[in-house]
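Data block below; observations after.
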Amino acid sequence: MTIYDIEVTLESGETYKMDKYKGKTLLIVNTATKCGLASQFDDLQKLYEKYKEEDLVVLGFPTNQFKQEIDSASDAAESCRMTYGVTFPMHEMIKVNGADAHPLFKLLTEETKGLTGKAVKWNFTKFLVDKEGNIIKRFAPTTTPLSFEEELAQYK
């Protein structure tokens, strides 16, 4: 299975296959609007705006697995839009760890390791996927998006 075989669902309920993003660089992030790291939404949006014409897509996946998200995906997405001006795609509420982890995050964590092994340690873990669908790198929750802009720009 590749990343392009996986189906995901937008916060609106629309489901699509990740192959929609073939030929694009992806930055996939598990998010939480009540997290102390939520200010990273600003930097994620800046990167998205700066590089979207060069085929970078930021994808947000809210999770309440760390008990820092509001009740629903649509409420989370609305909060991101209103508070941080987020225009990149936000998805349904998912689990990122354990037996019930979303298939996308199962694949992402199988291909990369963080400080706690394969599990996602916290909100705002970021995964870089190149235009061919290769999972390139995992960035820690506390690594700010603008701090790896140069590296990201190599894959756009």
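Residue numbers 1 to 156, in UniProt numbering, belong to the letters of the sequence shown in order.
Even glycine gets a Cβ: it sits at the ideal position worked out from N, Cα and C.
Model, not experiment: these values are computed from the prediction.
Ordered along the chain, which non-local residues of its own chain (more than five positions away) have a Cβ less than 7 Å from that of residue i?
| i | result |
| --- | --- |
| residue 161 | Residue 161 cannot be examined here, being either before or after the span of the chain that is shown, 1 to 156. |
| E110 | K118 |
| D130 | T25, I136, Y155 |
Could you spell out where the alpha helix (DSSP H) holding residue i opens and where it closes?
| i | result |
| --- | --- |
| F41 | 40 to 51 |
| F105 | 103 to 111 |
| L152 | 149 to 153 |
Once you ignore the five residues that flank residue i on each side, which residues in its own chain have a CB closer than 6 Å to its CB?
| i | result |
| --- | --- |
| I28 | L59, F127 |
| T31 | G60, P62 |
| K17 | E7 |
| F105 | V96 |
Pick out whichever of the options has its Cα sitting closest to the Cα of residue i.
| i | options | result |
| --- | --- | --- |
| P145 | L37, K121, T63 | L37 |
| L26 | P141, N134, E150, T143 | N134 |
| P62 | K121, M90, S39 | M90 |
| L108 | A99, D100, V120 | V120 |
| I3 | N123, P103, E54 | P103 |
Starting from residue i, trace the beta strand (DSSP E) in both directions and tell me its first and last residue.
| i | result |
| --- | --- |
| T9 | 7 to 9 |
| L59 | 56 to 62 |
| V29 | 25 to 31 |
| K137 | 135 to 139 |
| V129 | 126 to 129 |
| Y4 | Segment: none, Y4 is in no beta strand (DSSP E) and carries neither H nor E. |
Looking only at its chain, what residues have a beta carbon closer than 8 Å to the beta carbon of residue i, apart from the 5 residues adjacent to it on each side?
| i | result |
| --- | --- |
| T15 | E7, V8, T9 |
| D55 | G23, K24, T25, K131, K156 |
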